[in-house]
Amino acid sequence: MPALVGFLWLISYWLIGEVVIHFTGLPISSGVVGMLLLSITLAFHGRVPGSIAAAAQPLIALLAMLIMPGVVGVFFIVDELAGQWPAILCALVLGTLLSVATTLWLLKRLMGKQHAR
Amino acid sequence: MPANSLLNTLNATPLFAVGLTLTAFLLGNLVFKRLKKPTWLPAILIAALLLAATLAVIGLPYERYRDDARWLTILLGPATVALGMPLYQQLPHIRALWRPLTVCLPIAASLAACYAVMIAWLLGSSPLILASIAAKSVTAPIAIGITEQIGGSVALLLGALLVTGVATAAFTGIAARLLQIEDDRIIGFALGLNGHAIGTVRAFEISPAAGAFASLGMSLTGIFTALLLPLAWHLIGVGS
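As given, the protein sequences belong to chains A and B, one line each in that order.
Each residue of the first sequence is one higher than the last, beginning at 142 in the working numbering.
Each residue of the second sequence is one higher than the last, beginning at 190 in the working numbering.
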């Protein structure tokens, strides 16, 4: 039953996230709040309890499957966005090229400085 | 028609949509392995193509499928929370390199969103498209939450994630060579920060150190973007 106990923890953290958002009105998703609370709890605890690992590992491994129903949706909006695709693809590919180059260059400069110190 | 009534019978339960999703996912992984794991064609894209083709052939409307598949997608909530575990396991890396990372992360993660949004805006894209591609470098479960917050289309976002992930995996090696970078930690961090899960998978192929830094880059970008993008969006009023 450890996986079930861990799963209950994950659901509880998600629900806590919902409550936090309800009272603070923060524009964040409850999953992110739950994720941060979980990692803070683990940092205080100093290790990952077996139950959490037993529930978290299979769920993370299945993430690709869980987003699949959404991914399929992109094939059904192809017509809806007709004529917009060249701009979208250009923004994505060119934007990614620029941001990859920026990240590499920036981190090289920053880590170089640290090593020199 | 008998074929039609058969479909209606199967359709009466959400288990049909769940079964279709599992079948496509497993088949997609199988084909991906048979093709020797091409970087340009992730397993999830193969699976999604199979599933979309199946829905079209059997005549099941997408909205109907998506509603039934909610039995699966509801798990995205606890799965996002589960990402807190690998995040905790990355803490030693964060402590060791906190100085360069605290400077690099906000700049690089903001630019990952800004470049694409700016280019799309210059090319005259609608506010809906801008909101849908803004979270393009964020790992899917977190990106879906962000996109819902800022009013984008989740379907378009997921397409944007695929394109971004594949482009990152393809460009990073070439860009690193041009910039004469050989440190696997830098290459890994860039892969995870820009290319989320797809970039992270690529990084693990390079070396375990690259993989660890890719996971770190992916987690930190996810958190940073989730905390600040919706706020920035409302302040700038891009969507309105």
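All residues carry an ideal CB built from backbone N, CA and C; glycine is no exception.
According to DSSP, is B/Trp430 helix, strand or coil? Residue 430 of chain B lies beyond the residue range present for chain B, which begins at 190 and ends at 429; the question has no answer from this structure.
Secondary structure at B/Arg253, three-state DSSP: helix, strand or coil? helix
Does DSSP put B/Ser314 in a helix, in a strand, or in coil? coil
Can you give the Cα-Cα distance for B/Gly428 and B/Pro419, rounded to whole angstroms? Any reading at B/Gly428 is ruled out, since the residue's pLDDT is 49, under 50, leaving its predicted position unreliable.
By DSSP, does A/Met176 sit in helix, in strand, or in coil? helix
Any C-beta of chain B within less than 7 angstroms: which residues of the segment 179-194 of chain A qualify? Leu179, Ser180, Leu183, Ala184, Val189, Ile193 and Ala194
Cβ-based neighbour list, A/Gly147, same chain, cut-off 6 angstroms, excluding 5 preceding and 5 following: Ser192, Ile193, Ala195 and Ala196
Range covered by the alpha helix (DSSP H) that runs through A/Ser153: Pro143 to Thr165
State yes or no: is the C-beta of A/Met142 within less than 8 angstroms of the C-beta of B/Ile233? no
Along the segment 294-315 of chain B, what residues have a CB closer than 7 angstroms to any CB found in chain A? Ile296, Ala297, Leu300, Ala301, Tyr304, Ala305, Ile308, Ala309, Leu312, Gly313 and Ser314
Element boundaries [alpha helix (DSSP H), containing B/Pro281]: Leu280 to Ala285
With DSSP run on the structure shown, which of helix, strand or coil describes B/Gly341? coil
Can you name the residues of chain B whose CB is closer than 7 angstroms to the CB of A/Ile133? The structure shown does not extend to residue 133 of chain A, since chain A is modelled only from 142 to 258, so the question has no answer here.
How close, in whole Å, do the beta carbons of B/Pro289 and A/Leu248 come, if the pair is a contact with beta carbons under 8 angstroms? 6 angstroms
Under 9 angstroms Cβ-Cβ, which residues of chain A neighbour B/Ile331? Ser170, Gly172, Val173 and Met176
Rounded C-alpha distance that separates A/Arg258 from B/Trp422: Note that A/Arg258 scores a pLDDT of 41, beneath 50, so its modelled location is shaky and nothing firm can be said.
Determine the DSSP secondary structure at B/Asp372, reduced to helix, strand or coil. coil
Roughly how many whole angstroms lie between the Cα atoms of B/Gly381 and B/Leu204? 35 angstroms
Which stretch, first to last residue, makes up the alpha helix (DSSP H) that contains B/Ser326? Careful: B/Ser326 lies outside any alpha helix (DSSP H) and carries neither H nor E.
Find the residues of chain B that neighbour A/His215, judging by a C-beta separation of less than 7 angstroms, and give them in chain order. The question names His, yet the displayed sequence has Val at residue 215 of chain A. Under the 7 angstroms cutoff, chain B gives Ala344, Leu345, Leu347 and Gly348.
Give the straight-line distance between the Cα atoms of B/Ile283 and A/Leu245, rounded to the nearest whole angstrom. 18 angstroms
Straight-line Cα distance separating B/Leu424 from B/Arg223: 48 angstroms
Can you tell me which of B/Thr228, B/Phe221 and B/Ala258 puts its alpha carbon nearest to the alpha carbon of B/Arg391? B/Thr228
Restricting to Cα atoms, I'd like to know which of A/Glu159, A/Leu238 and A/Gly253 is closest to B/Leu367. A/Leu238
In terms of residue numbering, what span does the alpha helix (DSSP H) encompassing B/Thr269 cover? Leu265 to Ala271
Among the candidates B/Gly406, B/Phe402, B/Ala323 and B/Leu209, whose CA atom is the shortest distance from the CA of A/Val213? B/Leu209
If we call anything under 8 angstroms between Cβ atoms a contact, is B/Ile412 one with A/Val173? yes
If I measure Cβ to Cβ from B/Ala309 and keep anything under 8 angstroms in the same chain, skipping five residues before and after, which residues do I get? Ile318, Leu319 and Ile322
Per DSSP, what kind of secondary structure is B/Pro419 in: helix, strand or coil? helix
Within the continuous alpha helix (DSSP H) that includes A/Ser192, where are the two ends? Gly191 to Ala202
Coil, strand or helix - B/Gly248 by DSSP: coil
When you compare the CB of A/Val160 with every CB in chain B, is at least one pair closer than 8 angstroms? no
Helix, strand or coil: how does DSSP classify B/Ala258 here? coil
Would you please state the rounded distance, in angstroms, between the beta carbons of B/Val438 and B/Thr414? I believe it to be under 8 angstroms. The first residue shown for chain B is 190 and the last is 429, placing residue 438 of chain B beyond what the model contains.
Applying a beta-carbon distance threshold of less than 8 angstroms, which residues of chain A neighbour B/Ile375? Leu245, Leu248, Lys249 and Met252
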